[in-house]
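For the sequence shown, the UniProt record's numbering gives the first residue as 1, with consecutive numbering after it. By construction, the Cβ of each residue, glycine as well, lies at the ideal position given by its N, Cα and C atoms. As structure tokens, the structure follows; a few thoughts come after it.
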Amino acid sequence: MDKEHYSIYVKDTNESCMVTSVADGSEQRISVPMDSEIAMNFYSGKKGYFSITKLVFCTPTGKIIFMSKSRPGSRNDINLANESRAFYSKLDEVLEFILGDKGFIGCHGMYKHFLVNDRNPKASFNRGEADKRFKAIRIIIENVFAHMKKWEACKATLRIKFSDPSKILQQHDQIWSVVGYLTNKYKNIRGL
1 MDKEHYSIYV
11 KDTNESCMVT
21 SVADGSEQRI
31 SVPMDSEIAM
41 NFYSGKKGYF
51 SITKLVFCTP
61 TGKIIFMSKS
71 RPGSRNDINL
81 ANESRAFYSK
91 LDEVLEFILG
101 DKGFIGCHGM
111 YKHFLVNDRN
121 PKASFNRGEA
131 DKRFKAIRII
141 IENVFAHMKK
151 WEACKATLRI
161 KFSDPSKILQ
171 QHDQIWSVVG
181 YLTNKYKNIR
191 GL
């Protein structure tokens with residue numbers, strides 16, 4: 001495997017592993033739906049506003065390798081991760097690890113090597129050093145989102161008529177897919 005596709009992470013137990021994917025969810029604010037049933041589905045309790053959410057996986061060098069379908073803002077990271085099982089099936093379960101934040105606690109049942117910095121109290125290795133290494137890899141997905149949200153289409157509040165939520169989700173999915181492609185093609189998130 002090329003070095004540009006993975007990063008070695010030393011866990012707080014002093015074990016090394018090969019991280020090939022970094023995951024996180026992102027939300028985009030939308031205008032308030034008039035229908036109260038639709039509105040409740042699109043309300044994000046985490047953010048406190050109406051939104052559409054999307055889960056993105058990238059390499060430790062910042063190349064986007066998978067995006068979930070766009071979903072209503074009431075879905076959290078673990079719900080989106082559960083819908084992304086097709087992506088996990090393409091990974092080598094023995095060698096490849098995925099890194100995620102605390103929103104992914106419990107994903108071990110979906111993919112055996114889903115690393116979450118949940119601060120193992122039995123760790124014998126220096127936890128501070130492990131936290132630094134974890135953050136150094138995980139920040140890459142935040143940088144990907146920062147580049148994507150430079151595009152007004154991914155940053156601004158979506159003001160779309162809510163006659164059919166599935167069409168709105170499909171339109172959001174198309175927008176983010178195009179911006180993701182352009183981000184991969186023209187932005188060097190992290191050079192080696």
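{"Item": "If I follow the unbroken beta strand (DSSP E) through Thr53, where does it start and stop?", "Value": "49 to 58"}
{"Item": "My assumption, with CB atoms under 8 Å, is that residue 197 sits in contact with Ala39. Please give the rounded CB distance.", "Value": "As shown, the chain starts at 1 and ends at 192. That puts residue 197 outside it, with no answer to give."}
{"Item": "Tell me, to the nearest whole angstrom, how far the beta carbon of Gly25 is from that of Leu80; I am working on the premise that it is less than 8 Å.", "Value": "6 Å"}
{"Item": "In whole angstroms, what is the alpha-carbon distance linking Asn184 and Gly62?", "Value": "8 Å"}
{"Item": "Alpha carbon to alpha carbon, what distance is there between Ser36 and Ser163?", "Value": "13 Å"}
{"Item": "In angstroms with no decimal places, state the Cα-to-Cα distance between Glu15 and Ser166.", "Value": "44 Å"}
{"Item": "Do Cys58 and Val144 have their C-beta atoms within less than 8 Å of each other?", "Value": "yes"}
{"Item": "Helix, strand or coil for Lys3, going by three-state DSSP, please let me know.", "Value": "For Lys3, the pLDDT reaches just 48, beneath the cut-off of 50, and the residue's location in the model is therefore unreliable, leaving the point undetermined."}
{"Item": "In whole angstroms, what separates the C-alpha of His113 from that of Asn76?", "Value": "20 Å"}
{"Item": "With a 10 Å radius around its C-beta and 16 neighbouring C-beta atoms as the bar for buried, classify Ser89 as buried or exposed.", "Value": "exposed"}
{"Item": "Hey, out of Val178, Lys187, Cys154, whose CA is closest to Ile30's CA?", "Value": "Cys154"}
{"Item": "Measuring straight from C-alpha to C-alpha, what distance separates Phe134 and Asp173?", "Value": "29 Å"}
{"Item": "From what residue to what residue does the alpha helix (DSSP H) around Asp77 run?", "Value": "77 to 82"}
{"Item": "Can you grab the Cα-Cα spacing for the pair Arg85 / Gly128, in whole Å?", "Value": "32 Å"}
{"Item": "Does Val10 come out as helix, strand or coil in the three-state DSSP assignment?", "Value": "strand"}
{"Item": "Tell me whether Ser36 sits in a helix, a strand or coil according to DSSP, three-state version.", "Value": "helix"}
{"Item": "Helix or strand or just coil, what does DSSP make of Asp173?", "Value": "helix"}
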